[in-house]
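Visitor: Got a structure here, written out as structure tokens. Questions coming.
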Amino acid sequence: MASIYSTLSSNTLRFALSSFPNTSLQPPSSHIFFSRPLSFKGLSFNPKSFPAPLKASMAGTNNVVIEVFEQEDLAVSLAKYVADLSNKFTSERGAFTVCLSGGSLIKFLGKLLEPPYYDSLEWSKWHVFWLDERVVPKTHEDSNYKLALDGLLCKVPIPPGNVHAINDTLSAEGAADDYETCLRELVNSSVITLSPSSGFPKFDLVLLGMGPDGHVASLFPGHPLVQENERWVTFIKDSPKPPPERITFTFPVINASAYAALVVTGKGKADAVHSVLGKSQNSVKLPAGLVSPEGELKWFLDKDAASKL
């Protein structure tokens, strides 16, 4: 029988995955956390409902944390998470390398603009990158750069030279090559470190969203780019989601990161969340199930996204 630990002081239920069946498939330090904001009304979470596919899809990840929130509280927790990592890395090595994606992620980062974070974070030490970008002008409504600029970056004192956008005047292939060259130069100047185990760039934090089909960055189910294991940055001209031309980090880069967070909300994502984290034989087929950073992987889910777990 699975063990359940109740931390009364924080109203957090902690499920030790190592106590579940088939522990041979489970990373030994992984846990699932349902934090205070979670309402159990109408939801039933049975520890036995998290079987082997969860463990298999996360193979290689040292630590997996899953938190489920009321949506309005997700942004509060995400801001604290990002701020804590910013403080950790700026203190330890004088820089914080964070990779953004598009979608609703920027909206959830909005709490960083409020006390206590805005005035306390060392914004001048941030270096911002994009996990993927649409090959459109930076002023285009489809641009992930424009989304981040309007929602966050224009409101914080990050030096413009520390915001590393793609060259939108190039073709998709040219933009991918140029962005990889940029990353290599920043490795040479020690802004970005290299993973000693894989040799790929090791970002401090990658912030990922997930599509209803389970895609992350611009790595889509069944697309050959999911298997790319040599390039740091590559390009796609036939994205199943418009616009068709994009650049994207590859999985070896995503998985070399020190920390990775998947921020997933809405009922439209519930099936994909279930496929990756629930009882499903399809978990490893979805790109989101292949996210396996060298450090910690944390899922930020709202109740709707977690409704089928």
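Read left to right, the sequence shown gives residues 469 to 777 (the working numbering). Ideal Cβ positions, reconstructed from N, Cα and C, are used throughout, including at glycine. Since this is a predicted model, take the numbers as computed values, not measurements.
Have a look at Pro-711, Glu-582 and Gly-757 and flag the residue whose alpha-carbon is nearest the alpha-carbon of Val-604.
Guide: Pro-711
Visitor: In chain order, what residues of the same chain have a beta carbon less than 6 Å from the beta carbon of Asp-552, not counting five sequence neighbours either side?
Guide: none
Visitor: Using the three-state DSSP reduction, which class does Leu-792 fall into: helix, strand or coil?
Guide: Outside the displayed range of the chain (469 to 777) lies residue 792, so it cannot be described from this structure.
Visitor: Per the DSSP calculation, Phe-597 is bridged to which residue(s)?
Guide: Cys-567
Visitor: Would Ser-592 be called buried (16 or more neighbouring beta carbons within 10 Å of its own) or exposed?
Guide: exposed
Visitor: Mapping DSSP to helix, strand and coil, what is Pro-708?
Guide: coil
Visitor: Alpha carbon to alpha carbon, what distance is there between Leu-615 and His-608?
Guide: 9 Å
Visitor: Assuming the contact rule is C-beta atoms closer than 8 Å, Ala-756 and Gly-682 should be a hit. Round their C-beta distance to whole Å, please.
Guide: A Cβ-Cβ distance of about 5 Å is found for the pair Ala-756 and Gly-682, placing them in contact under the 8 Å criterion.
Visitor: Measure the C-alpha to C-alpha separation of Leu-693 and Glu-601 and round it to an integer number of angstroms.
Guide: 15 Å
Visitor: Could you tell me the alpha carbon to alpha carbon distance between Tyr-549 and Ser-663, rounded to whole angstroms?
Guide: 22 Å
Visitor: Apply the 10 Å Cβ neighbour rule to Ser-657 and answer buried if 16 or more other Cβ atoms are within range, or exposed otherwise.
Guide: exposed
Visitor: Give a yes or no on contact between the region 667-676 and the region 552-566, applying the rule of three or more CB pairs nearer than 8 Å.
Guide: yes
Visitor: Between the C-alpha atoms of Ala-773 and Arg-561, what's the straight-line distance to the nearest angstrom?
Guide: Roughly 36 Å separates the two Cα atoms.
Visitor: For the structure I just gave you, are there three or more beta carbon pairs, one from the region 646-655 and one from the region 724-731, closer than 8 Å?
Guide: Taking 8 Å as the limit for Cβ pairs, the verdict is that the region 724-731 does not touch the region 646-655.
Visitor: Would you call Ser-639 buried or exposed, if buried means 16 or more other Cβ atoms sit within 10 Å of its Cβ?
Guide: exposed
Visitor: Are there 16 or more other CB atoms within 10 angstroms of the CB of Leu-687, so buried, or fewer, so exposed?
Guide: buried
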